[in-house]
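Asks: In our numbering, the protein residues as written are 18 to 596. Below you'll find the structure I mean.
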């Protein structure tokens, strides 16, 4: 074996090597990245997963990263999600930015690799294609800088490997996208192979000891005084690999706990747990959940992302000011903020603190009054309430469940995930069509962990039209997801907010039953379901439950039928928009 490798190979070896551990790279070829893409084949165990377009590639990388983080076992260096996509300069990278911005907003770790013109071409300001014609080769990097944790343009072969390492490590630790511009003339530059002998160090920086001690002291004081505490788990708890600590805290303290919409389906968090309240969405919560959370005299918040759709338009209404917020890079207790006291480490030290066990001895496993919202409907047309109740009979332990922005992400709140289920939804960024691209990444990652794990998508007919091409990539690769298309004749979520009969919320109807054959899937099943009886029968069908082919299930729903909480959220959103 040669003592040197190319810089392009070095990049992909680093991404494949533990603790990053990627097995798939997403993206779209273009003339400024073609030589770089050749290097993927030189890394044993790493595969190229070409996408239909760059936007879908970014969505796929996002879905892959979430599933990788959700299924990787916990450790100091291996519990975060990560992914990579490759685009070409200008036209390709800009097409991906919406998806990259979503990953940034929702704390999803990934590396956006851009093949760019040679350093010599940039220095001469050549009038190359894919440029703006003004000689500015840094303009697209500047565009990405606002939605990236860091941006790097490789320029010097002597520092390039260190630049690559830093770019990967920082985005992995902080769970944000990073941008790496790779000039064509550096792809084949030789670097020492021995640089790979030292694995990347992705351990989270240590907390400030003095500040952490004060945090733990104050937390213990508040727990000692509390009579009715609640733990509220949000998205960043999972994104930053702290859900194992959350589970230990729940089990040790016996405190009741709730999830936010963005945290539903988080790793290690069991919705069948006796202390589980349900999903808390402020005024949009089910009554018993709302009362149980808001009447607490201590709120321990883990990884909060207080967006409008995640909080019922900012309608949290705690009766106490005793709120402790643990975040990925700081902690807040009431109005006091402690920078550089990161959630994972401080929770670990809190759980192991000698005084905590004695303080929580007074607590018993709480009696949780569940909010039953079963559908009494057993026949006739399918309603949203019936669908999201009946789907509980289809879910199995370990399922990966993806819901699109709109009726799906709101409806799934009323469903109950089984043990070890993993949920994916883009509640904060809310890009319509995200879920279809994310499905390709998610099913790819899930298959790498367990070929028998089921992956399913619930997407509206309107959202599907934005990114439907990515079903073609899944058909090409022989993936076997369940794709549930909720056909409610257009953009129902938008109709509820404004323009119920407006033409801009209409879509051209498609023959969904022909999609899988159009994309030439080899082993597929297409089904249309019109009645409640047929849906119940389908979910119970043993053959349908087998994970053996790609399936598209079109579920016919009323045009203005929607989950109750979405109807109320739409009213709040309309009021906010008019204010």
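Ideal Cβ positions, reconstructed from N, Cα and C, are used throughout, including at glycine. Remember, it's a predicted structure, so these values are computed and weren't measured experimentally.
With DSSP collapsed to three states, give me the class of residue 197.
Replies: Here residue 197 refers to the residue found at position 180 when the chain shown is read from its first residue. Note: residue 197 maps to strand in three-state DSSP.
Asks: Hey, residue 539 and residue 573: beta-carbon distance below 7 Å or not?
Replies: Along the chain shown, one-based indexing puts residue 539 at 522. Along the chain shown, one-based indexing puts residue 573 at 556. Against a cut-off of 7 Å, the Cβ pair of residue 573 and residue 539 comes out as no contact.
Asks: Using CA atoms only, rank isn't needed, just tell me which of 357, 213, 168 and 342 is closest to residue 351.
Replies: Locating residue 351 in the chain shown gives position 334, where the first residue counts as 1. Among 357, 213, 168 and 342, the Cα nearest to that of residue 351 is on 342.
Asks: Rounded to the nearest angstrom, what separates residue 383 and residue 312 at their Cα positions?
Replies: The residue labelled residue 383 in the question sits at position 366 within the chain shown. The residue labelled residue 312 in the question sits at position 295 within the chain shown. Roughly 14 Å between the two C-alpha positions.
Asks: Considering only residues of the same chain and omitting the five flanking positions on each side of residue 617, which have a CB-CB separation below 6 Å?
Replies: A question about residue 617 goes unanswered here, because the residues of the chain that appear run from 18 up to 596.
Asks: Can you tell me which of the three DSSP states residue 530 falls into?
Replies: On the chain shown, position 513 is the one that residue 530 refers to. Helix, per DSSP.
Asks: Tell me the DSSP bridge mates of residue 398?
Replies: The residue labelled residue 398 in the question sits at position 381 within the chain shown. Answer is 548.
Asks: Should residue 6 and residue 113 be called a contact, given that it needs their Cβ atoms to be closer than 7 Å?
Replies: As displayed, the chain neither begins before 18 nor continues past 596, which places residue 6 out of reach and without an answer.
Asks: Select from 432, 145, 462 and 111 the residue whose C-alpha is nearest the C-alpha of residue 159.
Replies: Translated into the one-based positions of the chain shown, residue 159 becomes position 142. The shortest Cα separation from residue 159 among 432, 145, 462 and 111 belongs to 111.
Asks: So, for residue 141: in the same chain, excluding its five sequence neighbours on each side, which residues have a beta-carbon less than 7 Å away from its beta-carbon?
Replies: Taking the first residue of the chain shown as 1, we reach residue 141 at position 124. Hits under 7 Å: none found.
Asks: Between 40, 297 and 319, which has its C-alpha nearest residue 309's C-alpha?
Replies: For the purposes of this step, residue 309 is identified with residue 292 of the chain shown, where counting begins at 1. When 40, 297 and 319 are compared, the shortest CA-CA separation from residue 309 is found for 297.
Asks: Output the distance between the C-alpha atoms of residue 128 and residue 319, rounded to the nearest integer angstrom.
Replies: Translated into the one-based positions of the chain shown, residue 128 becomes position 111. Translated into the one-based positions of the chain shown, residue 319 becomes position 302. Computed Cα separation, rounded: 26 Å.
Asks: So residue 73 is in the alpha helix (DSSP H); what residue range does that whole segment cover?
Replies: By 1-based counting over the chain shown, the position of residue 73 is 56. Per DSSP, residue 73 belongs to the alpha helix (DSSP H) from 71-88.
Asks: For residue 468 and chain D, any beta-carbon pair shorter than 7 Å?
Replies: In the structure shown, chain D cannot be found, because there is only a single protein chain.
Asks: Which full runs of the alpha helix (DSSP H) of 4+ residues lie inside the segment 341-377, going along the chain?
Replies: 360-368 and 371-376
Asks: What three-state label does DSSP hand residue 209 in the structure shown?
Replies: Within the chain shown, residue 209 is the residue found at index 192, counting from 1. Secondary structure at residue 209: strand, using DSSP grouped into helix, strand and coil.
Asks: Report buried or exposed for residue 176, applying the criterion of at least 16 other Cβ atoms within 10 angstroms of its Cβ.
Replies: The residue labelled residue 176 in the question sits at position 159 within the chain shown. Under this definition residue 176 is an exposed residue.
Asks: Alpha carbon to alpha carbon, how far is residue 361 from residue 236? Give it in angstroms, no decimals.
Replies: As a position in the chain shown, residue 236 is number 219, starting the count at 1. As a position in the chain shown, residue 361 is number 344, starting the count at 1. Distance from the CA of residue 236 to the CA of residue 361, rounded to the nearest whole angstrom, comes to 15 Å.
Asks: Just how far apart, CA to CA, sit residue 59 and residue 200?
Replies: Reading the chain shown from its first residue, position 42 is the one you call residue 59. Reading the chain shown from its first residue, position 183 is the one you call residue 200. Each residue's alpha carbon lies about 19 Å from the other.
Asks: In the DSSP assignment, find the unbroken beta strand (DSSP E) run with residue 50 in it and report its ends.
Replies: As a working mapping, residue 50 is identified with position 33 in the chain shown. Residue 50 -> no beta strand (DSSP E), and no H or E assigned at all.
Asks: Taking buried to mean at least 16 other C-beta atoms within 10 Å of its own C-beta, is residue 51 buried or exposed?
Replies: Here the question's residue 51 lines up with position 34 in the chain shown. Counting Cβ neighbours within 10 Å, residue 51 comes out exposed, since fewer than 16 surround it.
Asks: So which of 446, 357, 243 and 435 has the shortest CA-CA distance to residue 322?
Replies: To locate residue 322, count along the chain shown from 1; it is residue 305. Nearest to residue 322 by alpha-carbon distance, out of 446, 357, 243 and 435, is 446.
Asks: Is residue 419 helix, strand or coil by DSSP?
Replies: Walking along the chain shown from the start, residue 419 turns up at place 402. Looking at residue 419 - three-state DSSP - the assignment turns out to be strand.
Asks: Around the C-beta of residue 20, are 16 or more other C-beta atoms found within 10 angstroms, so that it is buried, or is it exposed?
Replies: As a first step, residue 20 is located in the chain shown; it is residue number 3 there, counting from the start. Burial call: exposed.
Asks: Excluding five sequence neighbours on each side, which residues of the same chain lie with their C-beta closer than 6 Å to the C-beta of residue 550?
Replies: Residue numbering aside, residue 550 sits at position 533 when the chain shown is read from its first letter. Excluding residues within five positions, the ones whose Cβ falls inside 6 Å are 396.
Asks: Helix, strand or coil for residue 501 per DSSP?
Replies: For the purposes of this step, residue 501 is taken as the residue at position 484 of the chain shown. Strand.
Asks: Give every residue of the same chain whose Cβ lies closer than 8 Å to the Cβ of residue 337, excluding the five residues on either side of it in the sequence, and list them in chain order.
Replies: Counting from 1 along the chain shown, the entry for residue 337 is found at position 320. Same-chain partners within the cutoff: 313, 314, 315 and 316.
Asks: Mapping DSSP to helix, strand and coil, what is residue 129?
Replies: Residue 129 sits at position 112 when you count from the first residue of the chain shown. Three-state DSSP puts residue 129 in a strand.
Asks: Using the Cβ count rule (16 or more neighbours within 10 Å means buried), how would you classify residue 277?
Replies: On the chain shown, position 260 is the one that residue 277 refers to. Around the beta carbon of residue 277, a 10 Å sphere encloses 16 or more other beta carbons of the protein chains shown; the residue is thus reported as buried.
Asks: Can you check whether the CB of residue 210 is closer than 7 Å to the CB of residue 22?
Replies: Residue 22 sits at position 5 when you count from the first residue of the chain shown. Residue 210 sits at position 193 when you count from the first residue of the chain shown. Result yes, Cβ atoms of residue 22 and residue 210 sit closer than 7 Å.
Asks: Would you mind sorting residue 334 into buried or exposed? The rule is 16 or more other CB atoms within 10 Å of its CB.
Replies: The residue you call residue 334 lines up with position 317 of the chain shown. Residue 334 should be labelled exposed.
Asks: What does a CB cutoff of less than 7 Å around residue 217 pick up in its chain, not counting 5 residues either side in sequence?
Replies: As a first step, residue 217 is located in the chain shown; it is residue number 200 there, counting from the start. Cβ neighbours of residue 217 beyond the five flanking positions: 31, 36, 37, 182, 185 and 186.
Asks: Hey, would you say residue 133 sits closer than 7 Å to residue 49, going by beta carbons?
Replies: The residue labelled residue 133 in the question sits at position 116 within the chain shown. The residue labelled residue 49 in the question sits at position 32 within the chain shown. A contact, by the Cβ cut-off of 7 Å.
Asks: Within the same chain, show all residues whose beta-carbon is closer than 6 Å to that of residue 193, passing over the 5 residues directly before and after it, in chain order.
Replies: Counting from 1 along the chain shown, the entry for residue 193 is found at position 176. Excluding positions up to five away in sequence, the list reads 121 and 166.
Asks: Would residue 622 be called buried (16 or more neighbouring beta carbons within 10 Å of its own) or exposed?
Replies: Since the first and last residues shown for the chain are 18 and 596, residue 622 lies out of range.
Asks: In the DSSP assignment, find the unbroken alpha helix (DSSP H) run with residue 239 in it and report its ends.
Replies: Counting from one through the chain shown, the residue named residue 239 turns up at place 222. It spans 226-242 - the alpha helix (DSSP H) in which residue 239 sits, taken as one unbroken run.
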